[in-house]
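Undergrad: So that you can map any letter, position 2 of the sequence shown is -9 in this note's numbering, and since no number is skipped, the others follow by simple counting. Backbone N, C-alpha and C define an ideal beta-carbon position, used for all residues, glycine too.
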Amino acid sequence: MLRVSIVNAKVIDKKFIEGVPGFPAKYLLTLYANDQTQVVDVKSNFFKKIDVGDEIKAYEYKDHLSIEQDKRKSGWD
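In structure tokens:
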């Protein structure tokens, strides 16, 4: 799992996902990167780059955003 702090991105879609026992409610966001963004993989401490113009899918939880790099590359839904 990747944790991301996206400062220069615009939300272009937001869908609510109901929580179930063991999994909190969250939003699935589609973001448009307005600036080059660094993403850190918290498991391996490896930085990845998101370029200007890329669409990013992220889960918005109560206290953080997260994306999964493999899903971002292969598509969603």
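So what does K4 bridge to, in DSSP terms?
TA: What you label residue 4 is simply residue 15 of the sequence shown in a count that begins at 1. Note: K4 sits in a beta bridge opposite L17.
Undergrad: If you draw a straight line from the alpha carbon of D24 to that of I45, how long is it in whole angstroms?
TA: On the sequence shown, position 35 is the one that residue 24 refers to. On the sequence shown, position 56 is the one that residue 45 refers to. Their Cα atoms are separated by approximately 12 Å.
Undergrad: Can you find the residues in the same chain that come closer than 6 Å, C-beta to C-beta, to D43, ignoring five residues on each side of it along the sequence?
TA: Numbered from its first residue, the sequence shown carries residue 43 at position 54. Counting only Cβ-Cβ distances below 6 Å, and skipping sequence neighbours, we find A22.
Undergrad: Pull up the CB-CB distance for L17 and Y48, whole angstroms please, since I reckon it's below 8 Å.
TA: One-based indexing of the sequence shown puts residue 17 at position 28. One-based indexing of the sequence shown puts residue 48 at position 59. At roughly 6 Å, the Cβ-Cβ gap stays under 8 Å, so L17 and Y48 are in contact.
Undergrad: Could you tell me the alpha carbon to alpha carbon distance between D9 and K38, rounded to whole angstroms?
TA: In the sequence shown, the residue the question calls residue 9 occupies position 20. In the sequence shown, the residue the question calls residue 38 occupies position 49. According to the sequence displayed, residue 9 carries Val and not Asp. For V9 and K38, the distance between alpha carbons rounds to 32 Å.
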